[in-house]
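Trainee:
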Amino acid sequence: MDQIKKIILFRIPMSFCNFRCSYCYISQRAEHFQGIQPEMKYTPQQVAKALTEERVGGKAYMNFCADGETLLTKDIDLYVKALLEEGHYAEVVTNLTITPVLEKFLSWDKELLKHLEFKCSFHYLELKKRGMLEVFAKNVKKIWDAGASANIEITPGDDLIPYLDEVKDFSMQHFGALPHLTIARDDRTSDINYLTELPIPEYDKIWSQFDSEFWRYKKTIFGKKQKEYCYAGAWSLYIDISTGQAMQCYCGKSFGDVFANPQKPLPNIPIGKKCKISHCYNGHMLLTLGLIPEATDVCYGNIRNRIKKDGTQWLQPELLSFFNSKCVETNSELTENEKNKYMFLELWLSLKTIPKRAVNKTRRILKIL
1119 MDQIKKIILF RIPMSFCNFR CSYCYISQRA EHFQGIQPEM KYTPQQVAKA
1169 LTEERVGGKA YMNFCADGET LLTKDIDLYV KALLEEGHYA EVVTNLTITP
1219 VLEKFLSWDK ELLKHLEFKC SFHYLELKKR GMLEVFAKNV KKIWDAGASA
1269 NIEITPGDDL IPYLDEVKDF SMQHFGALPH LTIARDDRTS DINYLTELPI
1319 PEYDKIWSQF DSEFWRYKKT IFGKKQKEYC YAGAWSLYID ISTGQAMQCY
1369 CGKSFGDVFA NPQKPLPNIP IGKKCKISHC YNGHMLLTLG LIPEATDVCY
1419 GNIRNRIKKD GTQWLQPELL SFFNSKCVET NSELTENEKN KYMFLELWLS
1469 LKTIPKRAVN KTRRILKIL
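Numbering-wise (my numbering), the sequence shown opens with residue 1119 and increments by one.
What follows is the structure, given as structure tokens:
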């Protein structure tokens, strides 16, 4: 079975959305939802050529998430398809209401669809307000019927609490299981706190009734600073799909345009212990896929999946197996000496941005070492 070699997170700077959810981390920003489609510097074929299985070193998990609703991004289906045709696996984050675009995805060959999963954001109150609950449910069924994978995830916002019985009844009827829970985060806070007015014990008591392994794992890492050595930047990249500009992760070193010269090796400088984010709020994916080898034995596929009441599963077997593999299984961990070399490499690469006197002093130190 296929195993993951690298995590590729695509940032899609597209700020259209047909929803206005109270807990949306994008809408917390002053510049939210400007209604801008990105100018794509590279075609789908050029992006795929820059991320061949050969250049990546194996098969990648690729996450596609826009600043707005992902399926409103022009030609997003063509970019995902081109990368699936290279042999990779894709997760597309969507509110699942843009049916014509979804149907373009689902028209593909079944061998491609086996590698495709939709993270279906179940925005219950917005769907109810707009009369689109049935649209969402029918689109989930279409995904499963086509041979792709879908998982349903709801955000535990305080305003949803009066409707929990409705949510559970609807979910059991249409999804065969309760939705998984994520955690609403407040990006306006430096510590990226919970977005809730409730005391955490009360919050936990209310939402634990969904019996979500995804939520339970996420709670173990939410707010916890990761202090072990992280291979983001080596085993993963965060890439703006519109420009090719890459970073180690959501923070860290910038690598420049990784699409421009596909014949060159991809960047390979781990962030190590220099992550500046207060906690790994997307560690439900980054940690379970193995960027910090000793962080957890929990597997990403298992916490995304659900077994339905008829015995079938949300995730197709091939994709589930791939999502349950870890980067450490296909990549070599560094020795302490190698970690030190990367530390000095980063220092050397930073010399151009520091004063000349400090550059000369640093060069003398590096020469001695």
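C-beta atoms are modelled at their ideal positions from N, C-alpha and C, and glycine is treated no differently.
1) Could you tell me whether the stretch 1311–1320 touches the stretch 1285–1297, using the rule of 3 or more Cβ pairs below 8 angstroms?
2) Given a threshold of 16 other Cβ atoms within 10 Å of its Cβ, counted over all protein chains shown, does residue 1297 qualify as buried or as exposed?
3) Can you tell me which of 1284, 1459, 1183 and 1189 puts its alpha carbon nearest to the alpha carbon of residue 1246?
4) Identify whether residue 1357 lies in helix, strand or coil by the three-state DSSP scheme.
5) Name, in chain order, the residues that DSSP records as bridge partners for residue 1363.
6) Output the boundary residues of the alpha helix (DSSP H) element that contains residue 1403.
7) With a threshold of 6 angstroms on Cβ separation, who are the neighbours of residue 1359 within its own chain once the five nearest residues in sequence on each side are excluded?
8) Where do the N-terminal and C-terminal ends of the alpha helix (DSSP H) with residue 1285 fall, by residue?
9) Per DSSP, what are the beta-bridge partners of residue 1207 in this structure?
10) Would residue 1177 and residue 1353 qualify as a contact pair, given that the criterion is a beta-carbon distance under 8 angstroms?
11) Among the candidates 1201, 1384 and 1265, whose CA atom is the shortest distance from the CA of residue 1229?
12) Nearest by alpha-carbon distance to residue 1351: which of 1156, 1412, 1333 and 1376 is it?
13) Report yes or no: do three or more beta-carbon pairs, one from the stretch 1151–1170 and one from the stretch 1423–1432, lie closer than 8 angstroms?
14) By how many angstroms is the C-alpha of residue 1242 removed from the C-alpha of residue 1202?
15) Under the DSSP definition of a beta bridge, which residues are partnered with residue 1304?
16) What are the partner residues of residue 1235, as DSSP defines its beta bridges?
17) Determine the burial state of residue 1244: buried for a count of at least 16 other Cβ atoms within 10 Å of its Cβ, exposed for fewer.
18) What does the Cβ neighbour count give for residue 1388, buried or exposed, with the cut at 16 atoms within 10 Å?
19) Would you say the stretch 1355–1374 touches the stretch 1333–1344, given that touching needs at least three Cβ pairs under 8 angstroms?
20) In this structure, does DSSP put residue 1345 in helix, strand or coil?
21) Residues in the same chain with beta-carbon distance under 6 angstroms from residue 1488, minus the five sequence neighbours each way, listed in chain order, please.
22) Going by C-alpha to C-alpha distance, which of 1273, 1432 and 1309 sits closest to residue 1326?
23) Whether or not the stretch 1203–1220 and the stretch 1182–1193 are in contact is what I'm after, with contact meaning three or more pairs of Cβ atoms, one per stretch, closer than 8 angstroms; do they touch?
Mentor: So, from the listed chains and residues:
1) no
2) buried
3) 1284
4) strand
5) 1375
6) 1401–1404
7) 1128 and 1130
8) 1282–1293
9) 1179
10) no
11) 1265
12) 1376
13) no
14) 30 angstroms
15) 1311
16) 1209 and 1267
17) buried
18) buried
19) no
20) coil
21) Residue numbering for the chain in the displayed model covers 1119 to 1487; residue 1488 lies beyond these limits and cannot be assessed.
22) 1273
23) yes
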